[in-house]
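Everything below concerns the one structure shown next.
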Amino acid sequence: MIFLKFSKFSFFFCLSTLVFTTSCVTKKKYDDLNSQLSQVSSDAANTKRSLKLAQAQQAKLEEELGKLTEANLKLISDSTDTGIALRKIKGLYTDLTKTYDNLIKNHEKLMSNSAAESSRLSSDLARREAELKALDANLKASKQQIDKLSVDLKTREERLNELERVLAEKDKAVDALRSKVSNALLGFKDKDLTVNVKNGKVYVSLAEQLLFKSGSTKVDPKGQEALQKLAKALQGQDDVNVLVEGHTDDVPVAKITGIQDNWDLSVLRATEITRILTKAGLDAAKVTPSGRGQTAPVEVGKTAEIRQKNRRTEIILTPKLDELFQILETN
């Protein structure tokens, strides 16, 4: 670049000298010199542009050189890390090789014993498969049994519900019957006549003094009135059976014609009451006389009061339980 500047200066210096020293220059030479001067100026401008371009390329190359230098340093660092990692990998490879060799040895040892072990395992597997089949069969049988029990349970629940319904209706009917009989016999004293419910039945207990004189089998007028009212209350109760039980105390009966003992007396009294009830309108097929004698006392004792309580007639009213028995029979 210094050389170019010097040459250009020298050229202009020489030209000026030539012009000033030569007082008379031909036009042709002058034109040639101008042409050369223009050419030199153009070459100088081109050279200047090339120089700037070269400088720009030099700056770019220097920048790229810096980047390459930095990348080279990084590669050197990565190479160091890679070398460390490679050495570790080589160590691991050596360990893995040793482990592999040990595994091969153990495998060969296991293979030498595998025949017996395989036979044992096959035997165990066959045995377990047989057990599994047996368990599966038992499971299916149990499931069938459970299904059957579920159906039976559902059927029993339905029967139980039906039974509870029938029992509830029976209890309701018994309560209604007791109320009806009690209302029909309201005019009698409690000591002569009581109406109670026991074991799903209505018990009408009539004391001896209301019905009979001592040792007699004929019902007094007051007793006949009570029996007729009872018969009237029971009319239309086709689903009620009537049991007439005669009871005596433990004192032997006096020698009366036709009466041998307390058995006879209780039976004859029950029969007489049955006759009055049926004449008053009850169906004879639904009324049953029974004599218990002294075998079913209300209280045990020898006092006059206890013996008086035991001398009684009990009329037991039992609602028919055909529907209930039918449900029970199906169970």
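Reminder that position 231 of the sequence shown reads as 230 in numbering that gives the first Met the number 0, one-by-one numbering, no gaps.
In this text, a Cβ means the ideal position worked out from N, Cα and C, and glycines have one as well.
Based on DSSP bridge pairs, tell me the residues matched to residue i.
i, result
"E182", "A small fix is needed here, since residue 182 is Asn in this sequence, not Glu. DSSP output for N182 lists no bridge partner at all."
"V39", "The partner list for V39 (beta bridge, DSSP) is empty, contrary to what the question assumes."
From the DSSP output, in three-state form, read off residue i for me.
i, result
"S22", "Caution applies to S22, whose pLDDT of 47 falls short of 50 and renders its modelled position unreliable; the value that the coordinates give is listed next. Of the three classes helix, strand and coil, the one that applies to S22 here is coil, per DSSP."
"V299", "coil"
"T193", "strand"
"L242", "strand"
"S215", "coil"
"T98", "helix"
"K188", "coil"
"Y92", "helix"
"G82", "helix"
Which value, in whole angstroms, describes the spacing of the CA atoms of residue i and residue j?
i, j, result
"D248", "I315", "19 Å"
"L124", "K147", "34 Å"
"G257", "Q307", "23 Å"
"E161", "T317", "20 Å"
"K104", "T68", "53 Å"
"R119", "L134", "22 Å"
"R310", "E156", "46 Å"
"E244", "T294", "12 Å"
"D42", "S49", "10 Å"
"Q234", "L281", "6 Å"
"T312", "E271", "11 Å"
"N84", "N101", "Per the sequence presented here, residue 84 reads as Ala, with Asn not at that position. Rounded to whole angstroms, A84 to N101 spans 25 Å at the Cα level."
"F228", "V299", "Note that residue 228 is Lys in the sequence shown here, rather than Phe. About 32 Å."
"S22", "L52", "The pLDDT assigned to S22 is 47, lower than 50, so where the model puts this residue is not dependable, and the model offers no usable value."
"S37", "K26", "16 Å"
"K319", "L166", "12 Å"
"D80", "L91", "16 Å"
"I326", "S213", "Legend: pLDDT at I326 = 48, less than 50; position of this residue unreliable, no value from coordinates given."
"L64", "K89", "36 Å"
Does the separation of the CB atoms of residue i and residue j fall below 8 Å?
i, j, result
"L192", "A225", "yes"
"V194", "L184", "yes"
"L264", "V252", "yes"
"V241", "L209", "no"
Taking the continuous beta strand (DSSP E) assigned at residue i, which residues delimit it?
i, result
"S204", "200-206"
"T287", "286-292"
For the alpha helix (DSSP H) containing residue i, name the first residue and the last one.
i, result
"L316", "Premise fails: L316 lies in the beta strand (DSSP E), 311-318, not in any alpha helix (DSSP H)."
"G222", "220-233"
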